[in-house]
Amino acid sequence: MRQTVVCRDPEIMGGTPVFCGTHVPVETLLDYLEAGETIDDFLEGFPSVTREQVVAFLEEAKDRLLESVP
């Protein structure tokens with residue numbers, strides 16, 4: 001059973017998907033990675049997010065991408 005990593009609540013960041021238990025949008029992680037930054041750089045800037053959350057998010061994103069390929 002997987003733990004929920006991404007939450008969406010209209011009361012938190014206007015419903016933007018965030019790492020559960022934080023106010024950090026998951027898109028921020030993707031922006032960091034797209035800019036060539038590392039996961040460690042992201043975690044240093046957003047200490048309320050855990051490495052486990054980041055890894056779980058990336059694994060889920062990978063699984064969903066692979067499932068969508070015909």
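Under the working numbering, residues 1 to 70 are what the sequence shown spells out, in order. The beta-carbon is built from N, C-alpha and C at its ideal position, and this holds for glycine as well. Note that this is a predicted model, so its numbers are computed, not measured.
By DSSP, does residue i sit in helix, in strand, or in coil?
i	result
F42	helix
V74	Absent from the model: residue 74. The displayed extent of the chain is 1 to 70, so no value can be given.
V55	helix
M1	Bear in mind that a pLDDT of 44 at M1, under 50, signals an unreliable position, so the model cannot answer this.
Would you kindly work out how many angstroms separate the C-alpha atoms of residue i and residue j, rounded to a whole number?
i	j	result
Q53	S68	23 Å
A35	P17	20 Å
T50	P70	33 Å
T22	L66	28 Å
Only counting the same chain, and skipping five residues up and downstream in sequence, which positions put a Cβ closer than 8 Å to that of residue i?
i	result
E59	none
Name the one or two DSSP bridge partners that residue i has.
i	result
V18	C7 and P25
For residue i, which residues of its own chain have a beta-carbon under 6 Å away from its beta-carbon, when the five flanking residues on both sides are left out?
i	result
V6	P17 and V26
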